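Visitor: So the sequence shown is residues 1 to 493, counted in full-length UniProt numbering.
Questions regarding the structure given below will be posed in turn.
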Amino acid sequence: MSCCYWHGATLGVRLCRAGKGSWAGGTLPPRSLWAGHRLLPVSAALAARKGGARGGCRARCPALPRACHRPPGATMSRRDRDPRVPPPLTVAPGRLAAAAAARGAEREELAALNDRFAAFLERVRALERQNETLRAALGRATAATGPRTGLVQGELRGLRERLQRLGRDRDRLQAERDGLATDLAALRQRLEDETQKREDAEKSLALPQDVDHATLSRLELERKVELLMDEIGFLKKLHEEELRDLEVSAPSPAGLAEVEVCKPELTAALREIRTQYESIAVKNLQEAEEWYKSKFADLSDAANRNHEALRLAKQEMNESRRQIQSLTCEVDGLKGVNEALQRQMREMEDEFGEEIGNYQDVVGRLEQEIQQMKEEMARHLREYQDLLNVKMALDIEIATYRKLLEGEESRPSGFCGIFFGGGSSKPCSHRKTRGSHGKLGTEDGAHQNHRDTGWAGENWGCPAWETQPCHETDPQILLQQVVTESHKERAGK
């Protein structure tokens with residue numbers, strides 16, 4: 001039981017109510033906490049102060065002490081002059097009407113907030129259903145494209161491995177081809193060198209034979225020239241002698257006869273000289289032939305030796321030629337294999353490139369769809385989070401209003417009394433009842449609808465109260481306590 005004092009200008013009203021909180025400090029409590037109670041009209045309060053009959057405060061609350069019905073002009077006791085009692089307070093009827101209108105507006109606002117909260121809840125449920133639908137669609141799309149993507153990835157891996165193997169084979173064949181080309185170039189260079197050596201050997205072998213023939217021809221020609229020159233000299237000499245003889249013996253015929261007689265002797269001498277020269281020529285010819293034969297034998301031996309070397313060189317050249325031919329055939333075969341592999345690789349690249357492009361396009365579209373679904377899901381999640389925040393705010397506000405309404409309903413059913421001036425009284429008790437519209441009332445039948453005050457709501461009874469010191473509480477502190485309790489309830493749920 002606590003007492004709450006409201007300070008005004010001329011009229012003082014003390015409200016006694018049963019509860020945990022109390023208000024003081026010159027400010028009115030929230031309308032939601034006191035709008036449901038009804039104060040006594042000013043005329044009834046004045047009649048009660050003047051000590052009227054049963055229509056006064058005594059009639060409404062028989063259990064009040066006698067100090068409540070003090071006759072006019074009576075002196076106030078020390079208890080009546082309690083310094084805790086506030087000065088008189090005047091309540092304007094227009095202010096009470098404004099408070100009632102404000103309470104109706106608050107009820108309408110609370111109903112609107114409830115409608116908005118219901119709409120928000122419905123929208124949250126719709127968004128949750130849409131989110132579940134999108135998740136199911138995303139799962140179906142992922143499940144539908146998963147095997148295809150795995151198949152495409154497997155084919156791509158197989159093609160990449162095959163392409164790598166072909167690339168390694170191509171590199172190996174190119175290395176072998178380069179090595180064979182190097183060997184072929186070396187063999188060709190060696191062949192050219194051996195061919196040049198063979199030609200040089202053949203030239204060196206044919207040159208001595210030509211020299212020998214030329215030497216023999218020259219010697220024979222020189223011999224013939226010498227013979228002819230000797231014969232010419234002899235004939236000239238013989239002719240000169242004949243001329244001299246003719247000149248000496250020309251005048252006499254006997255001289256002519258002697259010349260004719262000496263002529264056979266000269267012919268015989270010439271024959272003898274010719275025979276001598278012929279024997280000398282034969283001897284020189286034999287010597288030349290013997291020298292030629294010995295020289296030819298030497299050259300034949302040298303030729304035989306060179307011929308053996310030439311035969312070995314030719315044999316080696318033939319072997320090199322056969323190797324070159326085999327290597328050339330192998331290189332040609334490898335070139336054909338390489339060209340076939342390259343052509344097959346290009347065909348495979350052209351064949352699978354289009355499929356890879358199509359699969360990449362499909363994967364890109366699927367990734368784009370997944371990204372769009374993720375963005376839409378994120379947007380829905382943001383909207384859902386915003387709605388959850390709004391829902392939490394509305395829950396807090398509704399919990400606050402619920403706490404305030406529960407506090408209002410759990411209050412006692414009436415004021416202890418309205419006192420004008422100071423004084424003290426004994427506690428009086430009345431049970432509170434709820435009318436047909438859920439409003440508070442009293443059982444003693446003293447219900448009055450004072451329309452002149454502008455209040456619409458419950459009648460106040462006269463509950464029991466005690467004169468205790470008032471416990472002042474700030475409405476903001478009470479609101480903060482209610483919000484804290486609401487948060488605790490949400491955390492507990």
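Glycine included, every Cβ here is placed at the ideal spot set by N, Cα and C.
Only a predicted model underlies this, so the values are computations on that prediction, with no experimental measurement involved.
Assuming Ala303 and Leu205 make a contact with CB atoms under 8 Å, what is their CB distance in whole Å?
Guide: 5 Å between Cβ atoms; contact.
Visitor: Any chance the stretch 376 to 392 sits against the stretch 107 to 126, with 3 or more Cβ pairs inside 8 Å?
Guide: The answer is yes - the stretch 107 to 126 touches the stretch 376 to 392, with three or more Cβ pairs under 8 Å.
Visitor: Going by the CB atoms, is the gap between Leu184 and Glu370 shorter than 9 Å?
Guide: The identity of residue 370 in the sequence shown is Ile, whereas the question assumes Glu. Cβ atoms of Ile370 and Leu184: not closer than 9 Å.
Visitor: By how many angstroms is the C-alpha of Glu376 removed from the C-alpha of Phe352?
Guide: Each residue's Cα considered, the two are about 35 Å apart.
Visitor: Taking only three categories from DSSP, how would you classify Ser217?
Guide: It is helical.
Visitor: Can you tell me which of the three DSSP states Ser204 falls into?
Guide: Of the three classes helix, strand and coil, the one that applies to Ser204 here is helix, per DSSP.
Visitor: Determine the contact status of Ala201 and Ala340, defining contact as a CB-CB distance below 9 Å.
Guide: Cβ distance not < 9 Å, so Ala201 and Ala340 don't count as in contact.
Visitor: Do Met392 and Ala141 have their C-beta atoms closer together than 9 Å?
Guide: Going by C-beta atoms, Met392 is not nearer than 9 Å to Ala141.
Visitor: Enumerate in chain order the residues of its own chain whose CB-to-CB distance from Val152 is below 7 Å, with the five nearest sequence positions on each side excluded.
Guide: Around Val152: Tyr359.
Visitor: Between the beta-carbon of Arg321 and the beta-carbon of Leu180, is there less than 9 Å?
Guide: No, these two residues do not count as a Cβ contact at 9 Å.
Visitor: For Ser410, name the three-state secondary structure that DSSP assigns.
Guide: Residue state, collapsed to three classes: coil.
Visitor: Since Tyr292 and Leu227 should fall inside the 8 Å C-beta cutoff, what is the C-beta to C-beta distance between them, to a whole number of angstroms?
Guide: 20 Å between Cβ atoms; not a contact.
Visitor: Identify which residue in His380, Leu404 and Lys403 has its Cα closest to the Cα of Arg129.
Guide: It is His380.
Visitor: Within a Cβ cutoff of 8 Å, which residues of the same chain sit near Gly139, ignoring the five residues on either side of it in sequence?
Guide: So no residue of the chain qualifies.
Visitor: Tell me the start and end of each unbroken alpha helix (DSSP H) in the stretch 273 to 303 that is at least 4 residues and wholly inside, in chain order.
Guide: Here no run is fully enclosed.
Visitor: Assuming Leu334 and Leu187 make a contact with CB atoms under 8 Å, what is their CB distance in whole Å?
Guide: Not really, about 17 Å apart at Cβ, beyond 8 Å.
Visitor: Around the Cβ of Leu96, are there at least 16 other Cβ atoms within 10 angstroms (buried) or fewer (exposed)?
Guide: Classification of Leu96: buried, given that the 10 Å Cβ count is 16 or more.
Visitor: In whole angstroms, what separates the C-alpha of Val248 from that of Ala268?
Guide: Straight-line Cα distance between these residues: approximately 23 Å.
Visitor: So, for Leu156: in the same chain, excluding its five sequence neighbours on each side, which residues have a beta-carbon less than 7 Å away from its beta-carbon?
Guide: So the qualifying residues of the chain are Ile356.
Visitor: Taking 8 Å as the limit between beta carbons, can you name the residues of its chain near residue 499, skipping five residues before and five after?
Guide: Residue 499 lies beyond the range of the chain shown here (1 to 493); nothing can be said about it.
Visitor: Quick one: measure Cβ to Cβ for residue 495 and Phe234, integer angstroms, because I've assumed they're closer than 8 Å.
Guide: Any question about residue 495 goes unanswered here, given that the chain covers just 1 to 493.
Visitor: For Leu163 versus Met317, is the C-beta distance shorter than 9 Å?
Guide: Not in contact: Leu163 and Met317 (Cβ atoms no closer than 9 Å).
Visitor: Quick one: what's got a C-beta closer than 6 Å to Leu219's C-beta in the same chain, skipping five residues either side?
Guide: Same-chain partners within the cutoff: Ala288.
Visitor: Check whether the Cβ atoms of Ala297 and Glu194 sit closer than 9 Å, and answer yes or no.
Guide: No, the Cβ-Cβ distance between Ala297 and Glu194 is not below 9 Å.
Visitor: Taking the C-alpha atoms as reference points, what is the distance between Lys403 and Ala101?
Guide: Computed Cα separation, rounded: 22 Å.
Visitor: Roughly how many angstroms lie between the CA atoms of Glu397 and Ala111, to the nearest whole one?
Guide: Going from the Cα of Glu397 to the Cα of Ala111 covers about 12 Å.
Visitor: Identify, in the order they occur along the chain, each residue of the same chain with its Cβ nearer than 6 Å to the Cβ of Tyr384, setting aside the five sequence neighbours on each side.
Guide: Excluding positions up to five away in sequence, the list reads Leu127.
Visitor: Can you give me the C-alpha to C-alpha distance between Thr149 and Asp178, rounded to a whole angstrom?
Guide: About 42 Å.
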